[in-house]
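Residue numbers (UniProt numbering): 1 to 389.
Structure record follows, encoded as structure tokens.
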């Protein structure tokens, strides 16, 4: 087996790309494509409609059969307003910790995968190895959907996928699904001395937020339970709210964003059904008695399905446990693209270096020993994919 490249060197290159969600990423995927081409591996880009962002997909080994996919996102969250001790887009090592935006979430895994490419191409593979790199995962798993649309039509699509999100190299087998919405309440402005002439959008929005809080309490006290998750129930929370222009003006607009993180089942649908019923049956008739043009609009912002720990993942979990030398599984408090792979019939698990507790914050880091553990995992993965003999 050919010696792998240094993952730290490759991580430094990846961290240097300011691949913040919604921003162009063609420089990063171009770097990866050129790197792969240097080892005789051709890749294809699956672009966003704007042509400025793209997924990358490549196959090493035979192309007439399924194989296994190593997948991760290359976008990162912004650094604005965070008190970093060093330039977040320059990898800095201190005491075995490698600091930089995306080092843990999840360019560390991508660096390990790229470092293992020389070993991948040196082997006569019986099981093809697919590489997938997506964009805009951090804002709702946006980019990978176009890639999966193509894979769903591919007769030789992967038979399993390892999502390299940071789990401390523990085997992640399930996570909750998520829905995010924006609710916009449109009322009627008036002087605060005569509030009866207006429709206070903030106050009606407050009733909706209070109803969501009621749904959250009901899910906590009466809803379905799954002890593998923390917390073991579906959750609802309002994250942002804005409205009004001055204290002496009845506000004619208020908008708030909320999310639902749900266990498998219909919890999310029930929350939306209850909120819609309150808006349409109670609040809007009252508002429109004063302002016929009043409205309550609900806009989906993003959604991704949960990752289910089902029978289809048993073989992949068993393989990964063997490569890790650890059969213990964990459920995840955060979301991934795994449920989307699963939705087109590709079993998925989550396993990668780093920790989610270090992600999205100043001085994000991954440890050298975590990268080394990932490289050992990938070496065993490669042995599995190699043709016998």
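Glycine included, C-beta positions come from ideal geometry on N, C-alpha and C.
Taking C-beta atoms under 8 Å as the contact rule, residue 186 and residue 252 qualify, at a distance of about 7 Å.
CA-to-CA, the gap between residue 23 and residue 195 works out to about 44 Å.
Note on geometry: alpha-carbon atoms of residue 339 and residue 49 lie some 23 Å from one another. Spatial neighbours of residue 371 in its own chain (CB-CB distance under 8 Å, excluding positions within 5 residues in sequence) are listed in chain order as 7, 8, 11, 98, 108, 111, 112 and 353.
In the DSSP assignment, residue 260 falls within the unbroken beta strand (DSSP E) covering 253 to 262. Under the 10 Å beta carbon count, residue 281 is surrounded by fewer than 16 other beta carbons and is classified as exposed. Per DSSP, residue 184 is one residue of the beta strand (DSSP E) stretching across 177 to 186.
Contact annotation: residue 173 and residue 349 have beta-carbon atoms nearer than 8 Å.
The segment 299 to 306 makes contact with the segment 330 to 346; the number of CB pairs closer than 8 Å reaches 3 or more. In its own chain, leaving out the 5 sequence neighbours on each side, no residue places its CB closer than 6 Å to the CB of residue 322. Inter-segment contact for the segment 126 to 146 and the segment 50 to 68 is present: three or more beta-carbon pairs are separated by less than 8 Å. No Cβ-Cβ contact shorter than 8 Å links residue 28 with residue 21.
Assignment of beta-bridge partners to residue 72 by DSSP yields 133. Taking all protein chains in view, the Cβ of residue 223 is crowded by 16 or more other Cβ atoms within 10 Å, so the residue is classified as buried. Residues of the same chain with a CB within less than 6 Å of the CB of residue 347, apart from the 5 flanking positions on each side, are 160, 312, 313 and 316 in chain order. The beta carbon of residue 197 sits closer than 6 Å to the beta carbons of 190 from its chain, once the five residues preceding and following it are set aside; these are given in chain order. As the crow flies, the alpha-carbon of residue 61 is around 42 Å from that of residue 80. In terms of Cα proximity to residue 378, the closest of 44, 117 and 30 is 117. Contact between residue 91 and residue 15 is confirmed by a C-beta separation of about 5 Å, below the 8 Å threshold. Residue environment for residue 131: buried (at least 16 other C-beta atoms within 10 angstroms of its C-beta). Here the segment 281 to 294 does not lie against the segment 353 to 367, with fewer than 3 beta-carbon pairs under 8 Å apart. Excluding sequence positions up to five before and after residue 331, its CB lies within less than 6 Å of the CB of 174, 228 and 229, all in the same chain and listed in chain order. With a threshold of 16 other beta carbon atoms within 10 Å, residue 102 meets it and is buried.
Inter-residue distance for residue 292 and residue 75 is about 44 Å (C-alpha atoms, whole angstroms). Bridge pairing for residue 330: 172 [DSSP]. Judged by DSSP in its simplified three-state form, residue 307 adopts strand. Per DSSP, residue 77 is not a residue of any alpha helix (DSSP H), being assigned neither H nor E.
Excluding residues up to 5 positions away in sequence, 367, 368 and 369 lie with their Cβ nearer than 8 Å to the Cβ of residue 96 in the same chain. In the three-state scheme derived from DSSP, where H, G and I count as helix and E and B as strand, residue 20 is classed as strand. Counting only residues of its own chain and dropping the five nearest sequence neighbours on each side, residue 105 has a CB closer than 6 Å to the CB of 166 and 359. Annotation: residue 376 is outside any beta strand (DSSP E); the continuous alpha helix (DSSP H) that includes it extends over 368 to 385. Taking the C-beta atoms as reference points, residue 206 is found no nearer than 8 Å to residue 236. Residue burial is scored here from C-beta neighbours: residue 261 has at least 16 other C-beta atoms within 10 angstroms and is therefore classed as buried.
About 6 Å separates the beta carbons of residue 182 and residue 255, which is inside the 8 Å limit, making them a contact pair.
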